[in-house]
């Protein structure tokens with residue numbers, strides 16, 4: 001059965017170019033051209049993913065993102081916008097977006113991000129993420145690699161989960177501290193480096209996939 005993707009985008013030409021590339025990947029694609037039309041689609045149908053423009057007529061993408069997550073939190077959402085400010089990106093991720101792309105869009109990158117999000121296995125029964133031989137059970141906070149339990153501290157687990165939920169996105173140390181340790185954390189940013197080092201030492205998957213982006217921060221590279 002084909003996965004269903006809803007594109008909510010007021011630029012019709014852009015929407016149909018995105019749709020053309022996604023159809024070639026084997027997805028069923030549907031279109032809405034303003035916020036209210038998108039809301040109607042969301043309320044009456046289910047989708048594996050929504051590609052959602054933020055600045056739209058009639059209803060903005062922030063409101064629709066909240067609506068989507070309230071109806072079905074498992075629906076993946078990629079936000080698209082001409083605004084690339086850090087605050088907007090963080091705000092979108094905190095609202096529940098799974099990814100964030102700044103226009104003008106690369107169609108090859110869009111397809112890659114869609115494939116990564118949809119094809120990442122999620123078990124709804126025990127709320128589990130699976131990457132290769134790595135299994136992350138969010139319900140009991142258990143991590144297995146090659147079916148062997150990995151002992152992590154609470155912050156190591158939260159950092160691993162955060163990176164795996166946001167593959168191929170680069171986060172600077174301040175962003176990671178805010179997300180994992182909280183906005184009022186007063187410690188050293190090198191805390192992030194220490195926890196990344198621990199994850200790489202404890203988990204082979206992390207040693208292979210957590211990449212340092214020099215001068216910026218870290219990302220988990222999943223191709």
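In the working numbering, the protein residues as written are 1 to 223. For each residue, glycine too, the CB sits at the ideal point set by N, CA and C. Owing to the predicted nature of the structure, the values given are computational and were not obtained by experimental measurement.
Counterpart residues of residue i in DSSP-defined beta bridges
| i | result |
| --- | --- |
| residue 131 | 134 |
| residue 15 | Partner(s): none; residue 15 has no beta bridge. |
| residue 217 | 172 and 213 |
| residue 142 | 137 |
| residue 99 | 78 |
| residue 8 | 32 and 52 |
Cβ neighbours of residue i in the same chain (closer than 8 Å, five flanking residues each side left out)
| i | result |
| --- | --- |
| residue 193 | 173 |
| residue 15 | 7, 9, 31 and 33 |
| residue 42 | 6, 50, 64, 67, 68 and 71 |
Exposure of residue i, with buried meaning 16 or more beta-carbon neighbours within 10 Å
| i | result |
| --- | --- |
| residue 40 | exposed |
| residue 188 | exposed |
| residue 150 | buried |
| residue 77 | buried |
| residue 182 | exposed |
| residue 125 | Because the pLDDT of residue 125 is 46, which lies under 50, any placement of that residue in the model is unreliable, and the question is left without a value. |
| residue 20 | exposed |
| residue 71 | exposed |
| residue 29 | buried |
Nearest-angstrom Cβ-Cβ length linking residue i and residue j, presumed shorter than 8 Å
| i | j | result |
| --- | --- | --- |
| residue 52 | residue 65 | 6 Å |
| residue 216 | residue 170 | 5 Å |
| residue 98 | residue 83 | That belief does not hold up - the Cβ atoms of residue 98 and residue 83 are roughly 18 Å apart, past 8 Å. |
| residue 168 | residue 222 | 6 Å |
| residue 102 | residue 81 | 6 Å |
| residue 96 | residue 69 | 4 Å |
Spatial neighbours of residue i in its chain, beta-carbon cut-off 7 Å, leaving aside the 5 residues before and after
| i | result |
| --- | --- |
| residue 180 | 155, 158, 159 and 162 |
| residue 90 | 175 |
| residue 204 | 145 |
| residue 104 | none |
| residue 220 | 163, 164, 167, 209 and 210 |
Close-in-space but distant-in-sequence residues of the same chain around residue i (CB under 6 Å, 5 per side omitted)
| i | result |
| --- | --- |
| residue 144 | 135 |
| residue 61 | 52, 53 and 54 |
Rounded straight-line distance, which links the Cα of residue j to that of residue i
| i | j | result |
| --- | --- | --- |
| residue 202 | residue 218 | 17 Å |
| residue 211 | residue 195 | 13 Å |
| residue 178 | residue 199 | 19 Å |
| residue 197 | residue 207 | 9 Å |
| residue 2 | residue 191 | 43 Å |
| residue 123 | residue 75 | Any reading at residue 123 is ruled out, since the residue's pLDDT is 49, under 50, leaving its predicted position unreliable. |
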